[in-house]
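Participant: Residue numbers (my numbering): 9 to 196.
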């Protein structure tokens, strides 16, 4: 007699827990990263650009978020001296609102702190209020506008900075965020 099993839920099913594995971006991940790039950016980065970034390990940190073997998000960080810059963060639209971006940002900020950064900056589209809200949770505040920063659309970028990354207050902020972005576990 056959046993009936519930249908397997897809990665994009918002009812299923999303078990994410964060790992360093490697060459083999880039084709999947480029698929996400093409979905979320009017002018996506190229394979050559990603390759040139991931080999600069002394000043760069790139990670991917994977569900099973599928890349569902990625983020990049550049650190020079005591300043860090989030170069990019993107999530497959099929898994938005599942805390993937939160986990990626948590990881890059943690790495920035580990490398001694005391401040971190990023640019975000002025109209991207969801991303701005996420960045605000991590202590980023707007400091200016870059006019027509996104040349492909003519959109302005909001420049945001988070200061005091090495302070006890910031460590406390991260601890609070860690409690709100729990890691789901595989069902046994």
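Note that the Cβ used here is the ideal one computed from N, Cα and C, for glycine as well.
Quick caveat, the model's predicted, so the values are computed rather than measured.
1) So what's residue 33 in DSSP terms, helix, strand or just coil?
2) Using the rule of at least 16 other Cβ atoms within 10 Å of the residue's Cβ for burial, across every protein chain shown, is residue 156 buried or exposed?
3) Among 51, 128, 45, 29, which one has its Cα closest to the Cα of residue 90?
4) Can you give the Cα-Cα distance for residue 123 and residue 175, rounded to whole angstroms?
5) Sort out for me which residues DSSP pairs residue 96 with in a bridge.
6) Grab me the residues of residue 154's own chain with a C-beta within less than 7 Å of its C-beta, minus the 5 sequence neighbours each way, in chain order.
7) Spatial neighbours of residue 100 within its chain, please: CB distance less than 6 Å, with the 5 preceding and 5 following residues excluded, ordered by chain position.
8) Between the segment 26-43 and the segment 63-78, are three or more C-beta pairs nearer than 8 Å?
9) For residue 102, name the three-state secondary structure that DSSP assigns.
10) Which residue or residues does DSSP assign as beta-bridge partners of residue 150?
Facilitator: So, to answer that:
1) coil
2) exposed
3) 128
4) 14 Å
5) 84
6) 131, 164, 165, 167
7) 44, 80
8) yes
9) helix
10) 168
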